[in-house]
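Okay, structure first, notes after.
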Amino acid sequence: MCPEPVKKLIRIAIPLAFWLGVWQLAAMAVDLELMLPTPARVLTSLLTMAGTDTFWLSALFTLVRVFLGLLLGTALGVLLAFLTRFASWANLLLSPAIRVIRATPVVSFILLVYLWVTRENIPGVIAAMMVLPVVWSSVSGGLSSVDSQLLELARAYRFSRWKTLCLIYLPSVRPHFISGFLTAFGLAWKSGVAAEVLCPPKLAIGSRIQQARMALETADLFAWTLVIIVLSLSLEALLRHLLKAGEVRV
Amino acid sequence: MTLELQDLCLSYGEKQVLDHFSLELVCDGLTALTGPSGCGKTTLMRVIGGLEQPAAGHLSGVAPERTAFLFQENRLLPWRTVEQHILDVLPRDRRGECARYLALAELTGEERTCPAALSGGMARRLALARCIALGGDLLLLDEPFTGVDGERAQRLLRRLREQGTPVLLVSHEPEVLSACDRVYAFNGPPLTLLP
Numbered sequence: 001m002c003p004e005p006v007k008k009l010i011r012i013a014i015p016l017a018f019w020l021g022v023w024q025l026a027a028m029a030v031d032l033e034l035m036l037p038t039p040a041r042v043l044t045s046l047l048t049m050a051g052t053d054t055f056w057l058s059a060l061f062t063l064v065r066v067f068l069g070l071l072l073g074t075a076l077g078v079l080l081a082f083l084t085r086f087a088s089w090a091n092l093l094l095s096p097a098i099r100v101i102r103a104t105p106v107v108s109f110i111l112l113v114y115l116w117v118t119r120e121n122i123p124g125v126i127a128a129m130m131v132l133p134v135v136w137s138s139v140s141g142g143l144s145s146v147d148s149q150l151l152e153l154a155r156a157y158r159f160s161r162w163k164t165l166c167l168i169y170l171p172s173v174r175p176h177f178i179s180g181f182l183t184a185f186g187l188a189w190k191s192g193v194a195a196e197v198l199c200p201p202k203l204a205i206g207s208r209i210q211q212a213r214m215a216l217e218t219a220d221l222f223a224w225t226l227v228i229i230v231l232s233l234s235l236e237a238l239l240r241h242l243l244k245a246g247e248v249r250v
Numbered sequence: 001m002t003l004e005l006q007d008l009c010l011s012y013g014e015k016q017v018l019d020h021f022s023l024e025l026v027c028d029g030l031t032a033l034t035g036p037s038g039c040g041k042t043t044l045m046r047v048i049g050g051l052e053q054p055a056a057g058h059l060s061g062v063a064p065e066r067t068a069f070l071f072q073e074n075r076l077l078p079w080r081t082v083e084q085h086i087l088d089v090l091p092r093d094r095r096g097e098c099a100r101y102l103a104l105a106e107l108t109g110e111e112r113t114c115p116a117a118l119s120g121g122m123a124r125r126l127a128l129a130r131c132i133a134l135g136g137d138l139l140l141l142d143e144p145f146t147g148v149d150g151e152r153a154q155r156l157l158r159r160l161r162e163q164g165t166p167v168l169l170v171s172h173e174p175e176v177l178s179a180c181d182r183v184y185a186f187n188g189p190p191l192t193l194l195p
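If you read the sequences in order, they're chains S and C. Using this note's numbering, the letters of the first sequence correspond one by one to residues 1 to 250. Using this note's numbering, the letters of the second sequence correspond one by one to residues 1 to 195.
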């Protein structure tokens with residue numbers, strides 16, 4: 001019997017080794033670095049880039065933009081979910097608009113927003129616009145599934161509105177919010193970088209990807225994609241951990 | 001305390017539960033309402049507690065906002081501990097009384113337990129303790145001893161009597177009914193007082 005950490009390592013290492021092997025074989029079969037560089041070549045490219053300030057600054061600025069967009073979209077999504085749940089006029093006016101935002105392709109938004117805001121702010125705005133409907137939808141779902149018996153209890157036991165919000169609404173909505181927030185995080189990340197590629201700011205991962213594409217530096221393109229994947233997965237894991245820790249404390 | 005119920009009418013869809021129902025309900029000490037399930041006892045309690053508005057009729061003798069209602073279901077908050085359930089209904093200046101209500105319901109030592117870890121009887125006692133802690137001029141208890149063993153139910157009844165607030169409860173259990181000062185038996189629907 002293997003101990004649990006070893007099992008966990010095996011669960012990660014075997015698929016990783018398998019897919020790296022597939023990649024290596026495919027690269028050898030293609031035998032053209034411009035089309036498909038080998039994993040070793042991509043790693044070399046990544047290590048070279050990591051030695052420059054531009055690499056770290058680009059990653060940092062992208063992170064900041066995506067996080068600001070995520071926070072803005074989340075705050076607006078939660079606010080609008082409460083508004084559309086409790087004010088019928090807001091529900092009538094805003095719900096269809098939010099659904100339209102959700103159905104609109106991200107590329108259309110990127111090109112439209114390009115007309116209205118500066119290049120530096122586009123990724124944040126786009127990330128916020130992608131996050132808003134997801135958070136709104138999950139929090140709205142949570143609000144409409146609050147146990148009506150508990151709400152009747154709150155009325156019968158003369159809870160103030162604030163107390164009803166803190167003791168009944170927020171804990172009931174919490175799991176819905178967490179699942180929506182984690183989905184939204186992935187979306188924010190992808191749409192933010194996509195916006196950076198289409199409207200490249202000075203320092204951004206998306207701009208570096210665009211640059212690599214123009215220079216036909218496929219290994220760099222792969223290396224930046226790898227950076228995005230690693231950042232996205234590790235930040236999602238960190239968020240999950242933080243949200244779980246918060247849940248235990250509450 | 002005497003509640004005057006005059007000409008109360010209330011229906012759920014086609015089902016007329018209170019049909020010009022009138023009664024003078026004396027509620028001193030422990031008073032019980034009994035009768036077959038679905039006859040309208042809970043509806044009557046909900047009207048007295050102000051949780052249902054009758055289509056017609058008049059109720060006097062107690063202000064609904066001065067009653068404390070124990071629902072048939074426990075309605076505990078899964079994310080609050082036993083102690084927090086009591087503190088949630090106590091005003092700031094009465095928070096020190098929490099331990100007394102927990103002791104009354106024999107829940108001392110369970111302060112930090114969450115509802116999911118309580119047995120059915122313990123959860124019922126917590127719901128009862130919370131209702132008593134809320135307090136008021138009249139306690140309205142709908143089947144307060146569901147899942148509570150007979151001996152403990154008798155002890156709780158004794159403590160309910162000692163704490164002084166009049167109690168109006170719904171029960172089917174003969175041991176509970178025999179411990180009450182007054183029992184009103186009903187039939188229905190529509191709710192009718194049996195002689």
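Heads up, the beta-carbon is just placed ideally off N, CA and C, and yes, glycines get one too.
Problem - Beta-carbon separation (whole angstroms), Val131 of chain S vs Gly73 of chain S, contact threshold 8 Å - result: 3 Å
Exercise for the section: State the Cα-Cα distance for the pair Lys244 of chain S and Phe177 of chain S, rounded to the nearest angstrom. Expected result: 13 Å
Problem - Every unbroken alpha helix (DSSP H) within the stretch 29-68 of chain S, with a cutoff of 4 residues, ordered by chain - result: 39-50
Exercise for the section: Within 10 angstroms of the Cβ of Phe109 of chain S, are there 16 or more other Cβ atoms? Answer buried if so, exposed if not. Expected result: buried
Practice task
Select from the stretch 141-163 of chain S all residues with a C-beta closer than 9 Å to any C-beta belonging to chain C, and list them in chain order.
Solution key: Asp147, Gln149, Leu150, Glu152, Leu153, Arg155, Ala156, Tyr157, Arg158, Phe159 and Lys163
Problem - Short-range partners of chain C found in the stretch 194-207 of chain S, where Cβ spacing is below 7 Å - result: none
Exercise for the section: Could you tell me how far apart the beta carbons of Val17 of chain C and Thr34 of chain C are, in whole angstroms, since I believe they sit closer than 8 Å? Expected result: So it is not a contact: roughly 16 Å between Cβ atoms.
Exercise for the section: Please list the residues of the stretch 32-51 of chain C that have a C-beta atom closer than 9 Å to any C-beta atom in chain S, keeping them in chain order. Expected result: Gly49, Gly50 and Leu51
Practice task
Kindly provide the ranges of any beta strand (DSSP E) runs that are 3 or more residues long and lie completely inside the stretch 35-111 of chain C, ordered along the chain.
Solution key: 56-60 and 67-70
Practice task
Take Ile205 of chain S and list the residues in its own chain whose beta-carbon comes closer than 8 Å to its own, dropping the five residues that flank it on each side.
Solution key: Ser58, Ala59, Thr62, Val193, Glu196, Trp224, Val227 and Ile228
Exercise for the section: Indicate the three-state DSSP secondary structure (helix, strand or coil) for Gln163 of chain C in the structure shown. Expected result: DSSP places Gln163 of chain C in coil when its eight states are reduced to three.
Handout entry: Which listed residue (C:Arg46, C:Pro54 and C:Gly50) has its alpha carbon closest to that of Gln72 of chain C
Key = C:Arg46
Practice task
Could you tell me whether the Cβ of Pro175 of chain S comes closer than 8 Å to any Cβ of chain C?
Solution key: no
Practice task
Indicate the three-state DSSP secondary structure (helix, strand or coil) for Cys9 of chain C in the structure shown.
Solution key: strand
Handout entry: Bridge-paired residues (DSSP) for Ala185 of chain C
Key = Answer is C:Thr34, bridged to Ala185 of chain C.
Exercise for the section: Output the distance between the C-alpha atoms of Leu79 of chain S and Gly96 of chain C, rounded to the nearest integer angstrom. Expected result: If you take the alpha carbons of Leu79 of chain S and Gly96 of chain C, they lie about 37 Å apart.
Practice task
With DSSP as the reference, label Asp220 of chain S as helix, strand or coil.
Solution key: helix
Practice task
Determine the contact status of Leu143 of chain S and Ala97 of chain S, defining contact as a CB-CB distance below 8 Å.
Solution key: no
Problem - Bridge partners - Val170 of chain C, DSSP secondary structure assignment - result: C:Leu33 and C:Asp142
Handout entry: Extent of the continuous alpha helix (DSSP H) run through Leu115 of chain S
Key = Val106 to Trp116
Handout entry: Residues bridged to Leu193 of chain C (per DSSP)
Key = C:Phe186
Exercise for the section: Assign Thr218 of chain S to buried or exposed, taking buried as 16 or more other Cβ atoms, counted over all protein chains shown, within 10 Å of its Cβ. Expected result: buried
Problem - Whole-angstrom distance between Thr104 of chain S and Ile126 of chain S, CA atom to CA atom - result: 12 Å
Practice task
Could you have a look at Glu4 of chain C and say whether DSSP puts it in helix, strand or coil?
Solution key: strand
Handout entry: Those runs of the beta strand (DSSP E) which lie wholly inside the stretch 182-241 of chain S and span at least 3 residues
Key = none
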